[in-house]
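Going letter by letter, the sequence shown gives residues 1 to 173 in full-length UniProt numbering.
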Amino acid sequence: MAAECPSSPPSPSPSSPMTIDGSDRDAALAKSAWLSRREVLERRCRLAKQLARVYRHHYWVLMEDLKAKHRDYYWTFGKSPFKDDETAAAAAAIAENGKLGLGLGNSGGGDDIKRCQVTGCKTKAMALTKFCHAHILNDPQQKLYRGCQYVIKRYIGFPKVKKLPLDIEWLHV
1 MAAECPSSPP SPSPSSPMTI DGSDRDAALA KSAWLSRREV LERRCRLAKQ
51 LARVYRHHYW VLMEDLKAKH RDYYWTFGKS PFKDDETAAA AAAIAENGKL
101 GLGLGNSGGG DDIKRCQVTG CKTKAMALTK FCHAHILNDP QQKLYRGCQY
151 VIKRYIGFPK VKKLPLDIEW LHV
């Protein structure tokens, strides 16, 4: 009875080893004293093709993982992890980008991460602005984003426009 406790989770099954294509034929040929040239070449070709499939699958799994890690790195730091040798032309281009507000200019060590200017916010600022995505409405120069203009109809007698942050005074009237 104790072994059949319904509340205990089932034991995880061990992962099955990879099966080799044609292993049943290999088992039959394993006890033979000699193999013909054709049998040896067919077996090598089959195993090489299977190994190529495994390596190809493994390569693309690693590439997907690398893309995800690079996307996270770029979102966090906003720059490439690889540093190229700077020439005079590249230094001039970086200085010009610094004037545009891209955050790529050399400010001191050059490894500074541009953070949101809202007090207490530690997220990375968006390109060409000093604010993060959550606080972009605080930037008076931005023109791409608008506050929510959804009309809340549950207030009796007058419509209420939902604003971010919510206006508390209207709730207590």
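All C-beta atoms in this analysis are idealised placements derived from N, C-alpha and C, irrespective of residue type, glycine included.
Tell me whether Lys-49 sits in a helix, a strand or coil according to DSSP, three-state version. helix
- Task: For the alpha helix (DSSP H) holding Asp-26, just list the boundary residues, first then last.
- Result: Note, Asp-26: alpha helix (DSSP H), 23 to 29.
Helix or strand or just coil, what does DSSP make of Lys-69? Lys-69: helix per DSSP, three-state reduction.
Give the single residue among Asp-26, Lys-67, Gln-149 whose Cα lies nearest to the Cα of Leu-47. Asp-26
Practice task
Just mark Thr-129 as buried or exposed, buried being the case when its beta carbon has 16 or more other beta carbons within 10 Å.
Solution key: Classification of Thr-129: buried, given that the 10 Å Cβ count is 16 or more.
- Query: Between Asp-54 and the rest of its own chain, which residues show a CB-CB distance below 8 Å, the 5 nearest in sequence each way excluded?
  - Reply: A small fix is needed here, since residue 54 is Val in this sequence, not Asp. Correct list, in chain order: Met-18.
Ala-125 burial status per 10 Å Cβ neighbour count (16 or more: buried): buried
Using a Cβ-Cβ cutoff of less than 8 Å, which residues in the same chain neighbour Gly-110 once the five nearest sequence positions on both sides are dropped? Legend: pLDDT at Gly-110 = 49, less than 50; position of this residue unreliable, value from coordinates given subsequently. Closer than 8 Å at Cβ, skipping near neighbours: no residue.
Please report how far the alpha carbon of Leu-29 lies from the alpha carbon of Val-61, in whole angstroms.
Leu-29 and Val-61: Cα-Cα distance of roughly 35 Å.
Between the alpha carbons of Leu-51 and Glu-42, how many angstroms are there, rounded?
14 Å
In angstroms, rounded to a whole number, what distance separates the CA positions of Ile-20 and His-58? Whole-angstrom Cα-Cα distance: 16 Å.
ask   = Helix, strand or coil for Arg-115 per DSSP?
value = When DSSP states are grouped into helix, strand and coil, Arg-115 belongs to the strand group.
Cβ-based burial, Cys-116 [other Cβ within 10 Å; buried from 16]: buried
DSSP beta-bridge partners for Lys-124?
Lys-124 is bridged to Arg-115.
Three-state secondary structure assigned by DSSP to His-58:
In this structure, His-58 counts as helix in the three-state DSSP scheme.
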